[in-house]
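To start, the structure itself, in C-alpha cells.
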Amino acid sequence: MVRLTAYAKHFGLNDPPFGITPDTSFFFSFGSHLEAFNTLLVAAKNGEGFIKITGEVGTGKTLLCRQFLKTLGEEFVTAYIPNPFLEPRTLLLAIADDLGVPQKKSVDEHAVLKAINTRLLEYAQSGKKVLLCIDEAQALPIETLEAIRLLSNLETEKRKLLQIVLFGQPELDRHLARTEIRQLAQRISFHYRLRPLSWDESSFYIHHRLRVAGFSQLRLLTRSAMFVLWLGSGGIPRMLNILANKAMMLAFGEGKRIVGVKHVWAAIQDTEATPLFKYANRLFQIVSVSAIAALAYALISKS
80 MVRLTAYAKH FGLNDPPFGI TPDTSFFFSF GSHLEAFNTL LVAAKNGEGF IKITGEVGTG
140 KTLLCRQFLK TLGEEFVTAY IPNPFLEPRT LLLAIADDLG VPQKKSVDEH AVLKAINTRL
200 LEYAQSGKKV LLCIDEAQAL PIETLEAIRL LSNLETEKRK LLQIVLFGQP ELDRHLARTE
260 IRQLAQRISF HYRLRPLSWD ESSFYIHHRL RVAGFSQLRL LTRSAMFVLW LGSGGIPRML
320 NILANKAMML AFGEGKRIVG VKHVWAAIQD TEATPLFKYA NRLFQIVSVS AIAALAYALI
380 SKS
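Taking my numbering, the leading residue of the sequence shown gets 80, the next gets one more, and so forth.
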C-alpha cells in the first residue's frame, strides 16, 4: 500500500489508472466501444429478443457489459451470468435466482422454466422489461445453448418476455454456426464485433484513463513511447493497461515523470502475451532504444 501511494503521488494520481479489473468509471466511449454500446441501447429499447457482442480476449467485453447494465433505466429488470459453463438446469436455476424466483435445488428443468415464465409474465404486467446478459458465452455447452433458445421462446402476443445479450469471444460464432442450434443463430437480430483500437484510439484511451485517475499534466508518455505501446499491445485494451502500468512502474523506479520508449520496450520484453514479445529480446540485441524511438517517431510523422 505504501508503494502504491508513493507511485500515485509521484505521477500526481488519485487512483491506479491501468488496473485490469473491469471498472465502469474508466469506460471508454470511443470508436467501436461507443458503437457497440449504442447498438446495445437501441436493441434493448426496441425490445429485440437476441443480441450478440463478440471480440477477442481483452477487448473490453465485460466492461462494456457492466456499463450497459449500469446505464439501463428503471424500466429494466436485469440478470447477469458471468460464468456460463453450466449444464442447462444449473443455468436456469442461476437465472431464476437473479430474477428472485425461489426454487428448490432438487427441482427439475421443466419446473424451473415454468417458474421463470411466470415471473416474466408478472414483470410484463407491471410494465417491466427483463434483460439477461451472459458473459463469456463462448463457454456455453451446446445443450445449454438449446436451453437459452427455449428461454427466448417465452413471449406474449405483443412482445418477447426476455431479451438476451450474449458477450463472447469469436469462438461463439463457430458454436452458433453448428447445425443443431441454427434456430438460435437465426434469432440474433443485432450483432457487433469489437475491434482492436487504432493508434489514435489507443492514444485517446491512455489519455482518458489517466484523466479519470486524476492526472492533470500535459503528457505522461512521449509520442514515440505511445506508438511503441500501441504496437506492443496490438491495440488490445487489456494489453495497453498491462504494458502502460509496467512502463510507469519502471519510470517511477528511476524517478522519472515521463515514460519513454525504453520503459515501454522493457515492459514488452517482460510480457509474454504481447504480440511483439517473441521478437522483442532478439530485436533489442540488434537495435538500440534510441533507434527504436527514432523509428517510432518517423512512423508517427507519416501517419
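For each residue, glycine too, the CB sits at the ideal point set by N, CA and C.
Helix, strand or coil at residue i [DSSP, three-state]
| i | result |
| --- | --- |
| K88 | helix |
| F294 | coil |
| A359 | Residue confidence for A359 is low, a pLDDT of 49 falling below 50, so the modelled location carries little weight and cannot support an answer. |
| G179 | coil |
| K335 | coil |
| T133 | strand |
| I267 | strand |
| G247 | strand |
| D94 | coil |
| P316 | helix |
| K184 | coil |
| D102 | coil |
| G110 | helix |
| T138 | coil |
| A203 | helix |
| R257 | coil |
| G128 | coil |
Test item: CB-CB of residue i and residue j under 9 Å
| i | j | result |
| --- | --- | --- |
| R145 | T103 | yes |
| G128 | S281 | no |
| D177 | Y159 | yes |
| P96 | A346 | no |
| V291 | F147 | no |
| W309 | W278 | yes |
| L172 | P220 | no |
| L300 | I337 | yes |
| Y284 | L297 | no |
One or two residues paired with residue i in a DSSP bridge
| i | result |
| --- | --- |
| E234 | K239 |
| T157 | L210 |
| L438 | Here the chain has residues from 80 to 382 only, and residue 438 is not among them. |
| R272 | T133 |
Close-in-space but distant-in-sequence residues of the same chain around residue i (CB under 8 Å, 5 per side omitted)
| i | result |
| --- | --- |
| S108 | F116 |
| F155 | A123, K207, K208, V209 and L210 |
| G179 | R198 |
| R228 | I260, Q262, L263 and R266 |
Presumed contact (8 Å Cβ cut-off) between residue i and residue j, rounded CB distance
| i | j | result |
| --- | --- | --- |
| H342 | A330 | 5 Å |
| T138 | I321 | Between I321 and T138 the Cβ distance is about 14 Å, and since that is not below 8 Å, they are no contact. |
| E188 | R168 | 4 Å |
7 Å Cβ shell around residue i - same chain, five flanking residues per side excluded
| i | result |
| --- | --- |
| R274 | S111 |
| R272 | T133 and G134 |
| S396 | The requested residue 396 is not part of the displayed model; the chain covers only 80 to 382. |
Own chain, CB closer than 6 Å to residue i, minus 5 neighbours either side, in chain order
| i | result |
| --- | --- |
| L255 | A264 |
| H89 | F331 |
| G247 | T133, A216 and Q217 |
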